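Protein chains: 4
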Amino acid sequence: MRRSTSAQTEKAKARGRGPSLEKTARTRDAIIAAALQEFLEKGFADTTMEAVARRADIAKGTPYRYFPTKDALFEGVVRQRVAGALVEVNAANRAPGETVLAFLRRTMVPAMHDVERKGRAAIARLVLTEGARFPVLVDIYRREMFDPLLVELRALLQAARDEGELKSGVLVEHPDLLIAPIWYGIVHNELLHRRRKVDIGELFEVNLDLLFRR
Amino acid sequence: MRRSTSAQTEKAKARGRGPSLEKTARTRDAIIAAALQEFLEKGFADTTMEAVARRADIAKGTPYRYFPTKDALFEGVVRQRVAGALVEVNAANRAPGETVLAFLRRTMVPAMHDVERKGRAAIARLVLTEGARFPVLVDIYRREMFDPLLVELRALLQAARDEGELKSGVLVEHPDLLIAPIWYGIVHNELLHRRRKVDIGELFEVNLDLLFRR
Amino acid sequence: MRRSTSAQTEKAKARGRGPSLEKTARTRDAIIAAALQEFLEKGFADTTMEAVARRADIAKGTPYRYFPTKDALFEGVVRQRVAGALVEVNAANRAPGETVLAFLRRTMVPAMHDVERKGRAAIARLVLTEGARFPVLVDIYRREMFDPLLVELRALLQAARDEGELKSGVLVEHPDLLIAPIWYGIVHNELLHRRRKVDIGELFEVNLDLLFRR
Amino acid sequence: MRRSTSAQTEKAKARGRGPSLEKTARTRDAIIAAALQEFLEKGFADTTMEAVARRADIAKGTPYRYFPTKDALFEGVVRQRVAGALVEVNAANRAPGETVLAFLRRTMVPAMHDVERKGRAAIARLVLTEGARFPVLVDIYRREMFDPLLVELRALLQAARDEGELKSGVLVEHPDLLIAPIWYGIVHNELLHRRRKVDIGELFEVNLDLLFRR
DNA sequence: TATGAATGAGTATTCATTCAT
DNA sequence: GATGAATGAATACTCATTCAT
């Protein structure tokens with residue numbers, strides 16, 4: 004545990020990524036993981052830095068070596084999770100001859116089933132419940148998740164219209180209607196009816212079918 | 004902050020200390036109004052009792068004469084607003100010969116336009132953002148607003164199905180799809196895109212038309 | 004209940020002691036009684052003026068018509084009780100030919116038995132527990148109860164010495180030793196062993212006999 | 004208040020913030036000492052945590068690192084003092100051939116003189132004045148000090164009776180009479196006559212002699 | 001780098017007291 | 001006189017943050 008500092012530094016320099024750096028990264032991850040759990044369970048205001056440290060099994064002062072303030076920690080946590088989540092729908096990936104409906108079914112429906120399993124719904128909830136206090140989070144979320152998805156959807160719906168798959172152009176004007184059930188599901192499952200959850204994937208699919216019906 | 008000092012002084016003098024039913028009611032209303040504003044603007048955690056009192060133009064201790072704790076004040080405020088909001092859709096009010104689609108258009112669409120104007124969206128947001136800390140509020144909201152609306156919608160959709168207005172029974176199974184755009188709109192306007200709002204009424208209407216389309 | 008004010012005043016003046024004065028005195032007594040109970044049960048610090056008023060079945064502001072402050076109320080309560088308690092032992096009352104021991108037995112022992120029954124021990128306890136905060140109370144108690152008793156006892160012991168009933172003069176120097184068991188009993192019963200009380204009268208008597216033994 | 008500002012500043016600088024067992028112990032001692040002084044001077048209710056901290060020359064929040072509440076601080080302080088005070092009289096220590104009277108004189112009388120000097124009378128007073136609010140303290144006091152002493156005394160008096168030193172068995176029934184003057188002295192000196200104190204040791208001794216007189 | 005003792009600003013809550021009715 | 005709504009000073013307690021070790 005107690006090697007001479009110089010020896011440690013040399014080693015680190017020699018490898019370019021010494022054990023201390025690795026440990027540092029591990030500590031950082033532990034802090035983020037612990038903080039996320041706490042924020043999800045208690046919300047920002049009721050989460051204490053001490054609880055985060057305890058959960059990460061480190062000292063109370065250590066998180067401050069990685070994040071200057073509690074606010075920064077929160078932002079860092081959410082930023083990481085949001086940045087890590089890629090948009091699942093990319094119009095460019097549509098197979099030749101594949102209808103838009105088929106494409107959306109193929110890509111979005113499985114993604115929906117992942118929404119809750121991979122904790123994305125929980126992150127979305129956090130952005131919703133704490134967004135008023137942290138506009139940055141909302142900005143990030145919008146930029147990384149919300150807006151890109153709408154852009155893709157709009158393009159897809161435009162293609163569907165152009166290719167005659169959609170009779171009317173109204174959906175092109177309101178791509179929101181495709182994702183409304185998702186948000187409804189998040190609100191329902193995460194905030195309003197935590198016991199009796201709806202199946203977001205199914206809801207999305209049924210809605211999709213109805214909207215694309217001729 | 005927003006009043007001239009002299010106006011404040013006059014008010015203070017006007018507000019007496021003696022017993023008076025009228026005064027009591029007025030004070031209570033002032034507290035509730037002030038508290039609601041503060042809670043909406045700052046959230047529960049960042050609202051101080053002192054700020055509420057200041058906003059209501061009363062002394063720091065006065066709110067405690069009406070609500071024993073900050074929690075109780077919050078609950079009281081939200082409870083009052085939620086209880087006061089009646090569900091606008093009552094299947095029994097459908098005019099003879101009126102289609103379900105026409106009925107929903109007639110009743111829901113104007114209600115949607117009221118959602119934001121009358122502050123109901125704001126209350127919904129508060130229930131969403133603080134519901135984790137105050138499960139009672141979620142219970143109330145569900146009991147008074149959410150569940151009753153779904154019940155009515157389900158009955159209407161069943162009628163639409165029975166009367167041949169709907170070809171498929173899938174909507175009867177998922178009345179949620181009718182209100183999904185509303186929640187999407189609330190989330191969008193109140194939490195995600197406070198600058199660029201969507202028109203919840205229009206969204207609801209377009210969605211309605213698409214879902215009822217033959 | 005609602006007579007004209009003037010009629011009431013006239014009546015009061017006519018009798019010289021009208022019903023309002025009588026009622027006033029009754030209210031005052033109710034306040035004192037209620038306050039004493041509260042102070043005994045909760046101590047000064049934990050007694051609220053509101054609790055006193057509630058117990059006296061009057062409004063919160065009414066006690067202030069009789070006592071300007073809570074301190075004054077406390078002082079008034081104790082003062083009244085202490086002043087009302089006469090010293091039981093008066094050397095002048097000794098019957099001709101009666102030994103001092105016999106006299107003390109005749110007068111003190113029954114008084115001791117009253118100490119607890121009539122709430123004097125409770126008052127003494129209140130003076131002990133709150134005396135540090137209210138030196139006035141201690142002064143009153145000393146002046147009205149403590150010192151006079153010692154004076155009488157000293158005189159009696161001197162007489163006993165002069166009349167040969169006591170062989171030694173040591174008790175004359177320490178009349179305290181006669182009352183020590185009383186205070187011990189008060190401390191024991193009121194503060195240390197509220198469940199298993201000692202019989203103060205018996206303790207006093209046994210001690211008396213031992214001290215007067217030849 | 005009692006220190007020059009510069010002295011205070013120096014101290015503050017000397018007190019570091021880092022972990023240190025020695026510092027911890029010193030801080031804890033400072034808190035307990037300061038709290039005891041405050042409680043003795045003001046009583047529990049009138050002692051503020053801020054005053055304790057100021058007296059200990061630490062920050063307002065520091066005492067809470069050692070005692071979770073004001074109640075716990077008070078209990079901790081008294082508990083420590085009561086636990087630290089051993090009963091001076093142990094029947095087993097009686098020298099062979101030593102009379103009980105001589106033994107009591109040898110052991111108790113010096114102890115009495117210590118009672119006030121070492122602050123035991125003050126602790127006893129605190130237990131008396133705050134015992135109603137803190138029954139635990141009374142329990143501790145009884146268990147550690149009061150009951151053990153009575154047990155020893157009863158044994159000694161029984162021995163004195165058995166060995167013919169006492170003619171009557173009445174004292175065996177009432178060992179309280181031996182300690183009555185002590186409590187009288189405490190009440191007198193600590194609460195009733197803080198100016199004109201009695202000599203508890205002398206009172207005890209005179210009483211002892213009178214009770215053991217043949 | 002990590003630690004955790006110490007800091008002190010911030011806040012909910014209480015309650016003696018006032019005074020218009 | 002009595003009432004009780006309103007006042008606001010006082011205070012226990014929390015917790016993000018700092019920094020000597």
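Same order as they appear, the protein sequences are chains A, B, C and D. Per the numbering used here, the first sequence starts with residue 4, numbered consecutively. Per the numbering used here, the second sequence starts with residue 4, numbered consecutively. Per the numbering used here, the third sequence starts with residue 4, numbered consecutively. Per the numbering used here, the fourth sequence starts with residue 4, numbered consecutively. The C-beta atom is built at its ideal place from N, Cα and C for all residues, glycine as well. Note that the coordinates shown come from a computational prediction; the quantities given were computed from them, not determined experimentally.
| Asked | Found |
| --- | --- |
| For the candidate residues B:Ala36, B:Ala75 and B:Phe77, whose alpha-carbon lies nearest to that of arginine 58 of chain B? | B:Ala36 |
| Could you give the distance in angstroms between the alpha-carbon of leucine 156 of chain B and the alpha-carbon of leucine 211 of chain B? | 12 Å |
| Please identify the residue among B:Ala114, B:Leu131 and B:Leu206 whose C-alpha is closest to the C-alpha of isoleucine 182 of chain A. | B:Leu206 |
| From the DSSP output, in three-state form, read off phenylalanine 70 of chain B for me. | coil |
| Tell me whether lysine 26 of chain C sits in a helix, a strand or coil according to DSSP, three-state version. | helix |
| Taking beta-carbon pairs under 7 Å, can you tell me which members of the stretch 148-177 of chain D lie near chain C? | Phe149, Val173 and His177 |
| Assuming the contact rule is C-beta atoms closer than 8 Å, valine 103 of chain A and alanine 162 of chain A should be a hit. Round their C-beta distance to whole Å, please. | 6 Å |
| Here's the rule I'm using: 16 or more other beta-carbon atoms within 10 Å means buried, otherwise exposed. How should glutamate 25 of chain A be labelled? | exposed |
| Between the Cα of leucine 159 of chain D and the Cα atoms of D:Gly134, D:Ala105 and D:Arg123, which residue gives the shortest distance? | D:Ala105 |
| Whose CA, out of A:Ile203, A:Ala75, A:Asp142 and A:Leu214, lies closest to the CA of histidine 177 of chain A? | A:Leu214 |
| Are the beta-carbon atoms belonging to glutamate 78 of chain D and valine 139 of chain D less than 8 Å from one another? | yes |
| Looking only at its chain, what residues have a beta carbon closer than 6 Å to the beta carbon of alanine 208 of chain B, apart from the 5 residues adjacent to it on each side? | The sequence given here has glutamate at residue 208 of chain B, not alanine. Excluding residues within five positions, the ones whose Cβ falls inside 6 Å are Val112. |
| Less than 7 Å between the CB of valine 81 of chain A and some heavy atom of the ligand GDP, yes or no? | Here there are no bound small molecules, and the ligand GDP is not part of this structure. |
| Helix, strand or coil: how does DSSP classify asparagine 93 of chain B here? | coil |
| Can a CB atom of chain B be found closer than 8 Å to the CB of leucine 140 of chain A? | no |
| Can you pull the chain B neighbours of leucine 24 of chain A, defined as C-beta to C-beta under 7 Å? | Near leucine 24 of chain A there are no residues of chain B at all, since even the closest Cβ is about 37 Å away, more than 7 Å. |
| Excluding the 5 residues flanking glutamate 168 of chain D on each side, which residues of the same chain have their C-beta closer than 6 Å to its C-beta? | Thr102 and Val103 |
| Please list the partners that leucine 180 of chain D has in chain C, where partner means a Cβ-to-Cβ separation under 9 Å. | Ala183, Pro184, Tyr187, Leu206, Val209, Asn210 and Leu213 |
| Thinking just about the alpha-carbon of each residue, which of A:Arg123, A:His116 and A:Thr132 is nearest to the one in leucine 43 of chain B? | A:Thr132 |
| Please report whether the beta-carbon of alanine 124 of chain D lies at a distance below 8 Å from any beta-carbon of chain C. | no |
| My output table needs one value for arginine 217 of chain B: the three-state DSSP class, helix, strand or coil. | coil |
| Kindly say whether alanine 48 of chain D, judged by its beta-carbon, lies nearer than 8 Å to any beta-carbon of chain C. | yes |
| Answer yes if the stretch 63-82 of chain B comes into contact with the stretch 120-134 of chain B, meaning at least three C-beta pairs across the two stretches below 8 Å, and no otherwise. | yes |
| Considering only the alpha carbon of each residue, which of A:Arg136, A:Asp142, A:Asp117 and A:Pro71 lies closest to threonine 50 of chain B? | A:Arg136 |
| Smallest Cα separation from arginine 68 of chain C: which of C:Arg31, C:Glu147 and C:Ala54? | C:Arg31 |
| Histidine 196 of chain B: which of A:Ala54, A:Phe149 and A:Val190 sits nearest, CA to CA? | A:Phe149 |
| Could you check which residue in A:Gly46, A:Arg198, A:Asp60 and A:Ala125 has the C-alpha nearest to that of arginine 29 of chain A? | A:Asp60 |
| Go to histidine 177 of chain A, then tell me how far its alpha helix (DSSP H) extends in each direction, as first and last residue. | It is not in any alpha helix (DSSP H) - histidine 177 of chain A carries neither H nor E in the DSSP assignment. |
| Determine, using beta carbons only, whether leucine 131 of chain D comes closer than 8 Å to chain C. | yes |
| Flag glycine 134 of chain C as yes if its beta-carbon sits less than 8 Å from any beta-carbon of chain D, otherwise no. | yes |
| Go ahead and pull the three-state DSSP assignment for glycine 1 of chain B. | Only positions 4 to 217 of chain B appear in this structure, which leaves residue 1 of chain B out of reach. |
| Looking at the secondary structure, which residues open and close the alpha helix (DSSP H) in which alanine 163 of chain B lies? | 150-165 |
| According to the neighbour-count rule (16 or more other Cβ atoms, all chains shown, within 10 Å of its Cβ), is aspartate 179 of chain B buried or exposed? | buried |
| Cβ of leucine 305 of chain D less than 8 Å from any chain C Cβ? | The shown model of chain D, from 4 to 217, leaves out residue 305 of chain D, and the question about it has no answer. |
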